[in-house]
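Worksheet for the structure shown next.
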Amino acid sequence: MHQQGGNDRMGRQLDAERDAAMAAARRGRPDTAGMALRVLGAILLWLMAGALFWTGMLLPWGTANCDYEQHAVCDNFTLNLAMAISTVTAPSAVLVGTWGAFSRRPGVAPVAWTSAVTVVIVAWLVIVGIAKN
17 MHQQGGNDRM GRQLDAERDA AMAAARRGRP DTAGMALRVL GAILLWLMAG
67 ALFWTGMLLP WGTANCDYEQ HAVCDNFTLN LAMAISTVTA PSAVLVGTWG
117 AFSRRPGVAP VAWTSAVTVV IVAWLVIVGI AKN
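Plus 16 on top of the position in the sequence shown (first one is 1) and you've got this note's numbering.
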């Protein structure tokens, strides 16, 4: 018969390493309140980005009956820029912000979500500013 002592010690070491890895994984997981806050943040971002996207699509842009001295949107370049801001910014902010809301990376994830919300707000202000001109 062969000895069990060596294998038993190795088994306890593997069990201890497995338990330590599981404890570290549990520490990285957010609790229920943290997950609810992340879901609310993602929903808020999706609503803001959706409003930005549809505002860019539904605002009365156009060059028909335009007084070129009063409105900046009468120019085709400005019209295309305003449409591109909402069409590009909203989906990309949603992707980055949703990743940031649900990622476990402590340094990068909050910055990603915060920057996505900031980009949507700035784009919203630019679009409304262009529409008022």
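Glycine included, C-beta positions come from ideal geometry on N, C-alpha and C. Bear in mind that the values here come from a model prediction, so they are computed numbers and not experimental data.
- Thinking just about the alpha-carbon of each residue, which of Glu33, Trp62, Ala106, Ala49 is nearest to the one in Met73? Ala106
- Local conformation of Gly113 per DSSP, three classes: helix
- Could you spell out the range, first to last residue, of the alpha helix (DSSP H) harbouring Ser119? Premise fails: Ser119 is in no alpha helix (DSSP H) and is neither H nor E.
- Item | Length of the line joining the Cα atoms of Leu63 and Ile146 | 21 Å
- Query: How big is the Cα-Cα spacing for Gly50 and Asn92?
  - Reply: 46 Å
- Query: With DSSP run on the structure shown, which of helix, strand or coil describes Asp31?
  - Reply: helix
- Query: Between the beta-carbon of Trp140 and the beta-carbon of Gly57, is there less than 9 Å?
  - Reply: no
- Query: According to the neighbour-count rule (16 or more other Cβ atoms, all chains shown, within 10 Å of its Cβ), is Gly113 buried or exposed?
  - Reply: buried
- With DSSP collapsed to three states, give me the class of Leu141. helix
- Query: Exposed or buried, what is Val124 when buried is set at 16 or more other beta-carbons lying within 10 Å of its beta-carbon?
  - Reply: exposed
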